[in-house]
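Asks:
In the working numbering, the protein residues as written are 20 to 204.
(1) State the Cα-Cα distance for the pair residue 108 and residue 22, rounded to the nearest angstrom.
(2) Verify whether the separation of the beta carbon atoms of residue 100 and residue 171 is less than 8 Å.
(3) Any idea if residue 164 is buried or exposed, counting beta-carbon neighbours within 10 angstroms, 16 or more meaning buried?
(4) Would you kindly work out how many angstroms separate the C-alpha atoms of residue 88 and residue 178, rounded to a whole number?
(5) Given a cut-off of 8 Å, decide if residue 183 and residue 70 are closer than it, judged by their beta-carbon atoms.
(6) Residue 140: buried (16+ other C-beta within 10 angstroms of its C-beta) or exposed?
(7) Would you mind stating whether residue 117 and residue 175 have Cβ atoms separated by less than 8 Å?
(8) If distances are taken between C-alpha atoms only, which option among 203, 74, 96 comes closest to residue 152?
(9) Would residue 130 pass as a contact of residue 159 if the rule is Cβ separation under 8 Å?
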């Protein structure tokens, strides 16, 4: 009886080790798909990369004004995808407002409106944080999907030629914004 228990435990451990080895190998293969030094065809078709032209889009502000990304061609643009319920998004807003004020930077903050309780909540958030830069509503997340902004916040720094200069997943602080804008054309 003890012999069978030992055999079952060993077989279970061996099975777990094989499973763990296979899963680790698969996750390494997936991670390599995002490697900067390998440029396979499948990588080029996944989302946007630095150097790509930023896709144009048209969205509305909370006031109903229509804004197109191409309206800002010739300017450096910080395109930020965010939501009011996202703690990292909330934490970067004061720095983003400061950056907008001190550098007269063009910021297009795309709110994932379909994930919000209401547009009124979004407006209350903007009022609370004193946000004066352009906030756009992506009511069906079409533009977030176009830009592959699956994590929030996600920011695209777009140079004056309309090219994606940098992609940042996670909150940006003031110094990061300044540095990125100074590096861009």
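In this text, a Cβ means the ideal position worked out from N, Cα and C, and glycines have one as well.
Predicted, not measured: the structure shown is a model, and the values here were computed from it.
Replies: Let's see:
(1) Position 89 of the chain shown, counting from 1, holds the residue named residue 108. Position 3 of the chain shown, counting from 1, holds the residue named residue 22. Rounded to whole angstroms, residue 108 to residue 22 spans 58 Å at the Cα level.
(2) Taking the chain shown and counting its residues from 1, one reaches residue 100 at position 81. Taking the chain shown and counting its residues from 1, one reaches residue 171 at position 152. Yes; because the gap between Cβ atoms is below 8 Å, this pair is in contact.
(3) For this step, residue 164 is matched to residue 145 along the chain shown. Exposed is the call here.
(4) Taking the chain shown and counting its residues from 1, one reaches residue 88 at position 69. Taking the chain shown and counting its residues from 1, one reaches residue 178 at position 159. For residue 88 and residue 178, the distance between alpha carbons rounds to 12 Å.
(5) Taking the chain shown and counting its residues from 1, one reaches residue 70 at position 51. Taking the chain shown and counting its residues from 1, one reaches residue 183 at position 164. Taking 8 Å as the Cβ cut-off, residue 70 and residue 183 qualify as a contacting pair.
(6) Translated into positions along the chain shown, residue 140 becomes position 121. With fewer than 16 other Cβ atoms within 10 Å, it is exposed.
(7) Along the chain shown, read from residue 1 onward, the residue named residue 117 stands at position 98. Along the chain shown, read from residue 1 onward, the residue named residue 175 stands at position 156. Not in contact: residue 117 and residue 175 (Cβ atoms no closer than 8 Å).
(8) Residue numbering aside, residue 152 sits at position 133 when the chain shown is read from its first letter. Selected option, being the one with the closest Cα: 96.
(9) Here residue 130 refers to the residue found at position 111 when the chain shown is read from its first residue. Here residue 159 refers to the residue found at position 140 when the chain shown is read from its first residue. It is not a contact, given that the beta carbons lie outside the stated cut-off.
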